[in-house]
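In the numbering used here, the protein residues as written are 35 to 200. Beta carbons: idealized from backbone N, C-alpha and C, even for Gly. Have a look at the structure below before the remarks.
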C-alpha cells in the first residue's frame, strides 16, 4: 500500500506488530521521532492514514491540546511533578523551576512548559486497536529518566487520556 505522507507500507511480511514507517517531525526547534505501527496482515485504510498524517503535519496544534490535558492532569494529581523534582533535584531544569517558584510549589504550568515531547506512536491496527491511535510521549529531563506522561489522542486530534508510564 502506498500513501502520500508515509510512502510504501508493507504489512504482509509482518509476523508481529512492528514499525512500518518512521520519521522525524519538526516541532519548534526540535525534531520528534514518529513511528507508525501495524500488525500482521492488517493494512490501515487510506482514510486512517490520512488522519494520522494530518496529526503529524499539524503537530503544533496537537501538542497544544496535549499540553492543556497535561496541565489538567497535573492539577488533579501532582505526583509526577513531585517525583521528578525529588528524583532530579540536582538537574538544571528542576533547579530552575524551583528557583523561579520562589519558595512556592512548582506549578503544573511551569512543569509542563519544561516537559519535552520525545516520541509519537501511531497505532492504527494491532494491539492498540480500538484505543485512540495517537500516543504522544512527554518527559521531564529525557536524558535522566524513563518516566513519561503518555497522551492518547483520536484520529481527529481530540485528547482522550493522559497516563503515567515507564
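Along the chain, where does the beta strand (DSSP E) that runs through residue i open and close?
i	result
residue 156	150-156
residue 186	182-187
Give me the Cα-Cα distance between residue i and residue j, rounded to the nearest whole angstrom.
i	j	result
residue 121	residue 173	13 Å
residue 164	residue 116	33 Å
residue 79	residue 59	22 Å
residue 81	residue 106	31 Å
residue 113	residue 83	36 Å
residue 50	residue 102	35 Å
residue 111	residue 150	19 Å
residue 179	residue 123	13 Å
residue 201	residue 133	Residue 201 lies beyond the range of the chain shown here (35 to 200); nothing can be said about it.
residue 141	residue 87	33 Å
Using a Cβ-Cβ cutoff of less than 7 Å, which residues in the same chain neighbour residue i once the five nearest sequence positions on both sides are dropped?
i	result
residue 57	68
residue 194	166, 186, 187 and 188
residue 40	55, 70, 83 and 87
Would you grab the beta carbon distance between residue i and residue j for me? Rounded to a whole angstrom, and I think it's under 8 Å.
i	j	result
residue 100	residue 185	4 Å
residue 152	residue 171	5 Å
residue 175	residue 109	About 21 Å; that fails the 8 Å criterion.
residue 71	residue 191	Incorrect: roughly 18 Å between the Cβ atoms, too far for contact.
So residue i is in the alpha helix (DSSP H); what residue range does that whole segment cover?
i	result
residue 113	113-121
residue 127	126-135
Considering only residues of the same chain and omitting the five flanking positions on each side of residue i, which have a CB-CB separation below 6 Å?
i	result
residue 36	42
Once the 5 residues before and after residue i are set aside, which same chain residues still bring their CB inside 8 Å of it?
i	result
residue 127	148, 174 and 175
residue 181	114, 117, 118, 173, 174, 198, 199 and 200
residue 131	119, 140, 144, 145 and 148
Any chance you could list the beta strand (DSSP E) runs of at least 3 consecutive residues sitting entirely within the segment 58-105, in chain order?
64-72
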